[in-house]
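Engineer:
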């Protein structure tokens with residue numbers, strides 16, 4: 002994953018771009034009927050059940066829109082929420098609260114959905130040594146938010162983007178002329194460009210795993226679309242020489258069985274690409 006400083010920069014860019022997109026030349030609805038000096042208070046009302054995520058992001062949004070807004074947090078990120086709960090109060094300029102409202106809700110609803118889904122996987126894997134990973138199957142432009150939500154839900158982040166880890170998948174291997182060639186070319190490239198990046202290599206069958214193991218320096222083997230028996234064989238074959246990851250259509254129903262095969266990680270794009278937003282509202286009081 003990227004550094005904390007890089008991650009914070011991504012969050013700042015998301016806020017800046019989202020406010021530009023939503024507010025533009027001005028929130029004319031509020032400007033038209035609410036005096037500039039008007040003060041108000043609102044609550045973040047929970048209307049669903051799950052894991053709350055995005056409170057800390059909301060604090061950043063409110064600060065960006067108006068540093069004078071005051072927020073009282075009642076429920077922190079990562080906590081279980083029920084319908085009727087109040088996550089926080091925000092008080093100050095009514096115009097500022099309304100300017101920030103939609104970005105706060107859009108982000109928190111989606112982040113809470115992702116955190117909730119991730120947490121169901123975490124609970125499913127409880128008692129095993131397997132951790133759940135996200136993927137790059139995220140919504141364009143808000144990847145940092147979605148990966149943040151995975152962490153809040155108890156999962157772990159895979160690479161952030163194409164630049165922070167090398168992952169040699171089937172197409173890379175085929176275009177490079179085979180597994181060994183792809184690995185060797187990668188090592189040469191990293192050395193020539195003075196890059197210190199981990200290498201993950203995808204395997205489509207046990208024979209490919211055997212070939213990957215002939216090369217030194219592979220950080221993790223991606224055991225892709227294997228059945229349970231072949232996954233167990235793969236883990237036995239790898240025998241701790243590098244980390245292992247199962248992927249490929251793994252669902253909540255099958256995750257535990259793959260974990261019991263002994264893999265270190267399970268990755269699932271469904272954590273971020275197949276969720277339904279939790280119902281949250283910002284209500285004036």
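Numbering (the numbering used here), first residue to last: 2 to 286.
All residues carry an ideal CB built from backbone N, CA and C; glycine is no exception.
How about residue 43: is its C-beta nearer than 8 angstroms to some C-beta of chain B?
Structural biologist: Protein chains in the displayed structure number just one, and chain B is not present.
Engineer: If residue 88 sits next to residue 76, beta carbons under 8 angstroms apart, how far is it from one beta carbon to the other, in whole angstroms?
Structural biologist: 5 angstroms
Engineer: My output table needs one value for residue 273: the three-state DSSP class, helix, strand or coil.
Structural biologist: Residue 273: helix per DSSP, three-state reduction.
Engineer: Find the nearest neighbour of residue 42 within the set 66, 99 and 170, judged by alpha-carbon distance.
Structural biologist: 99
Engineer: What residue ranges within the region 4 to 51 form continuous alpha helix (DSSP H) runs of no fewer than 4 residues, ordered along the chain?
Structural biologist: 5 to 24 and 29 to 34
Engineer: How close, in whole Å, do the beta carbons of residue 200 and residue 178 come, if the pair is a contact with beta carbons under 8 angstroms?
Structural biologist: Rounded, the Cβ-Cβ distance is 17 angstroms, inconsistent with contact.
Engineer: For residue 184 and residue 191, I'd like the C-alpha separation in whole angstroms.
Structural biologist: 11 angstroms
Engineer: Under three-state DSSP, which class holds residue 90?
Structural biologist: strand
Engineer: Determine the burial state of residue 196: buried for a count of at least 16 other Cβ atoms within 10 Å of its Cβ, exposed for fewer.
Structural biologist: With fewer than 16 Cβ atoms within 10 Å of its Cβ, residue 196 is classed as exposed.
Engineer: DSSP on residue 160, reduced to helix/strand/coil?
Structural biologist: DSSP, reduced to helix, strand and coil, places residue 160 outside both helices and strands of the structure shown, so it counts as coil.
Engineer: Do three or more CB pairs link the region 265 to 282 to the region 113 to 123 at distances below 8 angstroms?
Structural biologist: yes
Engineer: Relative to the alpha-carbon of residue 224, which residue among 90, 160, 171 and 186 has its alpha-carbon at the smallest distance?
Structural biologist: 171
Engineer: When DSSP builds the beta bridges, which residues end up paired with residue 132?
Structural biologist: 266
Engineer: Please name the residue in 181, 231 and 203 whose C-alpha comes closest to that of residue 216.
Structural biologist: 181
Engineer: Spell out the partners DSSP gives residue 71 in its beta bridges.
Structural biologist: 92
Engineer: Pick out whichever of 240, 149, 62 and 45 has its Cα sitting closest to the Cα of residue 97.
Structural biologist: 62
Engineer: Report the residue from 175, 129 and 155 whose alpha carbon sits nearest the alpha carbon of residue 135.
Structural biologist: 155
Engineer: Note down the Cα distance separating residue 320 from residue 281, rounded to an integer number of angstroms.
Structural biologist: No answer is possible for residue 320: the residues shown for the chain start at 2 and end at 286.
Engineer: For residue 125, collect the residues of the same chain with a Cβ closer than 7 angstroms to its Cβ; drop the 5 residues on either side in sequence, then sort them by chain order.
Structural biologist: In the same chain as residue 125, and ignoring 5 residues on each side of it, the C-beta atoms closer than 7 angstroms to its own belong to 253, 256 and 257, in chain order.
Engineer: Which same chain residues end up closer than 7 angstroms to residue 44 when comparing Cβ atoms and leaving out the 5 residues on each side of it in sequence?
Structural biologist: 87, 90, 284 and 286
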